[in-house]
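Below is one structure, written out as structure tokens; comments come after it.
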Amino acid sequence: MRLRNVKGAREAMVESTLVFDEPKEWKGRWHEVFENDHPIHIEIGMGKGRFIVEMAQTHPEINYIGIEKYSSVLIRALEKREGLELPNLYFIRMDAEEINEVFTENEVDQIYLNFSDPWPKDRHAKRRLTSTQFLARYDALLVPEGHLEFKTDNVGLFDFSLESVQEAGWELLYETRDLHHSPYMEGNVMTEYEAKFSGMGNPICKLAAMRHHSEGKEL
Ligand code: SAM
């Protein structure tokens, strides 16, 4: 993503009651923020927030937290959120590498990763949000049958992610290399990047995985 220094973005974050700038203080207490026990779903690397704002509007029975590293991008999500009656949506400005300092075990029900940065060089593989290193972090904060959903138009990153999920021992629930012409399209909410790349004719890949092993279970 191209980064511009959006004037005043950092200051707007600090002032907003919708953005957590010191999220570690809330570890283990996120349900208190929402004042209910509804499931918590997070999007890591939410960018300008189109997906998570629409998800929060569509599913008032679920609590959403959008996580983004850069204030200059997060401010666009904040602008979308402001003025809407959405008590089920907050934002955190942080690097996902610190995610286990922000959420405790069993605190999150579902993780969304949409069009995550590909980090194409091999030596940067562990920075990819679907690496086994990141899956181990997710393992430590998801509920036992917590889900991960990942969308991308980057076939190389998708192949890598499928391998990671399997290497980490997660259960692959489904995969498609053409989401928009698949049965998994039902209920799909587009992200900013998805609208852009599918508009250019790129097929969208999606996988869903669950951290809990179903081995030995009767299906
Ligand atoms: N999910 C959005 C979409 O699909 O339109 C944005 C996709 S954009 C390619 C990736 C976003 O992830 C960027 O906004 C970037 O700043 C953010 N990001 C990348 N690595 C991150 C990390 N380690 N922690 C938090 N955010 C991250």
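The working numbering numbers the first residue of the sequence shown as 84 and each following residue consecutively.
Backbone N, C-alpha and C fix where the C-beta goes; we use that ideal spot for every residue, glycine too.
All figures in this text were calculated on a predicted structure; none of them were measured in a lab.
Of the residues assessed, Met283 falls on the exposed side of the cut-off, its CB having fewer than 16 other CB atoms within 10 angstroms. Inclusion of Phe198 and Thr141 in the CB contact set at 8 Å is not warranted, their separation being larger than that value. Between Gly229 and Val191, the C-beta spacing is below 8 Å. If you draw a straight line from the Cα of His124 to the Cα of Leu196, it comes to about 11 Å.
For Asp200, the Cβ falls inside the 7 Å cut-off from some heavy atom of the ligand SAM.
Arg176 sits in a strand when the DSSP states are folded into three classes. Apart from sequence neighbours up to five positions away, the residues of its chain that approach Leu240 with a beta-carbon distance below 6 Å are Pro201, ordered along the chain. When DSSP states are grouped into helix, strand and coil, Gly282 belongs to the helix group. Excluding five sequence positions before and after Glu188, the CB atoms of its chain that fall closer than 7 Å to its own CB belong to Ala223 and Leu224, given in chain order. The beta-bridge partner set that DSSP reports for Tyr267 is empty. Measuring C-alpha to C-alpha distances from Leu218 to each of Tyr147, Ala179 and Arg112 identifies Ala179 as the nearest. Residue pairing by DSSP places Ala292 opposite Leu231 and Leu255 in a beta bridge. The DSSP assignment places complete alpha helix (DSSP H) segments of no fewer than 4 residues inside the stretch 196-233 at 215-222, in order along the chain. Taking Val272 as the centre and dropping the five residues before and after it, the same chain places the C-beta of Phe134, Glu137 and Met138 closer than 6 Å to its C-beta, in chain order. DSSP, reduced to helix, strand and coil, places Asp242 within a helical segment of the structure shown.
Counting along the chain, His124 sits inside the beta strand (DSSP E) bounded by residues Ile123 to Ile127. Residue burial is scored here from C-beta neighbours: Leu212 has at least 16 other C-beta atoms within 10 angstroms and is therefore classed as buried. In this structure, Ile150 lies near Glu126, with their beta-carbon atoms less than 8 Å apart. Looking at Ser244, Lys204 and Val102, the one whose alpha-carbon comes closest to that of Leu231 is Ser244.
The three-state reading of DSSP puts Val191 in strand, counting E and B together.
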